[in-house]
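Chemist:
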Amino acid sequence: MEDANFAKYMAGFSQLLDDRLRGVARKEDVQSVKEEIGRLASENAALRAMVCRVQEENTFLKKQIEDIDRKVRRNNLILKGVPNSAEEDLIRVAGGVMSELKSAGQEPKIRQATRLGPGDAPILVEMENSQVIPGLLRNAIKLRNSGVGISRDMSPLARNSCNKMLKLRWLLRNRYPNLDLNMRIQYDKLQINGRIFEWVAEDLRCGNEDGVLSLGSIVKEDVV
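147 is the number of the first residue of the sequence shown in my numbering; add one for each residue after it.
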C-alpha cells in the first residue's frame, strides 16, 4: 500500500516538474528569440528607410507639379467684379480694363478670356506674354472705386504663400513704422531691402538661411 502511494506521489511530482520545466526557455530558444528580434529590427530599419525615400520622392514630385502649374498660369490674370451681360465680348471687356492699367509704352495683348462660372463669375484672362503683368498689377490701384479687382492666376499653394507674405509685410509695417524697410511682393515671395524671403512648407527661408533669423538681422531685434 505504501509502495503504491509512493509511486503515485512520485508520478505527480514528475508531472509537476515537467510542467515547470516546460515553461523554462532553453538556450536554443533564447538564441532563436534574439535572432527573431534582430530580424525584426532590420526589417523595421529597412521600412523606415523606404518611407523616407517615398517621402522625399513625394516632396520632389509635388515641387515638379507645382513648377508646371506655375508655368501654365504665368500668363494669366483674374478679373473679379465685372458684371455679366447677355452678349458680352470678354476679350473686349478685359481689354478695356487692361487699357486703363497699362503703363506708358505697354501694349498688353490678350490671347483669350473665359468666365469661370455663371453670372458675374471671375474672368480668366490669358495674356500673350507675362512681361506686361507686373506693370498692370502695379497700376491696379486705379480700379479702387470701380468694384473691379485684378490679381494673378495662382495655384492654391502659391496663393497661400502670397497671402502669408502680404500678412507678414503688413505686420512689419505696423510693428516697425520708423524703419526704412523697402518691401515688395514678388509673386509669392517677399523682397525686403534686397533680400528674398519665401515659405518652404511651414518654414520662412531666406536663401539657405533661417528666415526668422535673417529678418531679425534686418530689424535689429529678435522676431517671434
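Cβ coordinates follow ideal geometry from the N, Cα and C atoms, glycine included.
List the residues that DSSP assigns as beta-bridge partners of ASN222.
Modeler: As a working mapping, residue 222 is identified with position 76 in the sequence shown. DSSP, once it has assigned bridges, lists GLU272 as partnering ASN222.
Chemist: Return the CA-CA distance between LYS248 and LYS209, expressed in angstroms with no decimal places.
Modeler: Here residue 248 refers to the residue found at position 102 when the sequence shown is read from its first residue. Here residue 209 refers to the residue found at position 63 when the sequence shown is read from its first residue. Cα to Cα, LYS248 sits roughly 33 Å from LYS209.
Chemist: Measure the C-alpha to C-alpha separation of CYS308 and CYS352 and round it to an integer number of angstroms.
Modeler: The count along the sequence shown starts at 1 and reaches residue 308 at position 162. The count along the sequence shown starts at 1 and reaches residue 352 at position 206. C-alpha separation (whole angstroms): 15 Å.
Chemist: With contact counted as at least three CB pairs below 8 Å, one residue from each stretch, are the stretch 296–314 and the stretch 209–225 in contact?
Modeler: Judged by Cβ distances under 8 Å, the stretch 296–314 makes contact with the stretch 209–225, as three or more pairs qualify.
Chemist: Classify VAL228: buried if its beta carbon has 16 or more other beta carbons within 10 angstroms, exposed otherwise.
Modeler: On the sequence shown, position 82 is the one that residue 228 refers to. Per the 10 Å Cβ criterion, buried.
Chemist: To which residues does DSSP link ARG351 through a beta bridge?
Modeler: For this step, residue 351 is matched to residue 205 along the sequence shown. For ARG351, which the question treats as bridged, DSSP gives the partners GLU344, ASP356.
Chemist: Going by DSSP, name the residue or residues bridged to ARG330.
Modeler: Position 184 of the sequence shown, counted from the start, is the residue given in the question as residue 330. Paired residues: GLN337.
Chemist: Below 8 Å CB to CB, which residues in the same chain sit around ILE237 once its five sequence neighbours on both sides are set aside?
Modeler: On the sequence shown, position 91 is the one that residue 237 refers to. The residues are ILE256, GLN258, ALA259.
Chemist: Give me, in chain order, the residues of the same chain whose beta-carbon lies closer than 8 Å to that of GLU212; leave out the 5 immediate sequence neighbours on both sides.
Modeler: The residue labelled residue 212 in the question sits at position 66 within the sequence shown. SER301, LEU303, ALA304.
Chemist: Locate the beta strand (DSSP E) running through ILE279, then write down its first and last residues.
Modeler: Here residue 279 corresponds to residue number 133 of the sequence shown, with the count starting at 1. Careful: ILE279 lies outside any beta strand (DSSP E), inside the alpha helix (DSSP H) at 279–284.
Chemist: Within 10 Å of its beta-carbon, does TRP316 have 16 or more other beta-carbons around it, so buried, or fewer, so exposed?
Modeler: Working through the sequence shown from its first residue, we reach residue 316 at position 170. With fewer than 16 other Cβ atoms within 10 Å, it is exposed.
Chemist: With burial defined as no fewer than 16 other Cβ atoms inside 10 Å of the residue's Cβ, what is the status of LEU325: buried or exposed?
Modeler: Numbered from 1 along the sequence shown, position 179 holds the residue referred to as residue 325. The residue in question, LEU325, is exposed, as its Cβ has fewer than 16 Cβ neighbours within 10 Å.
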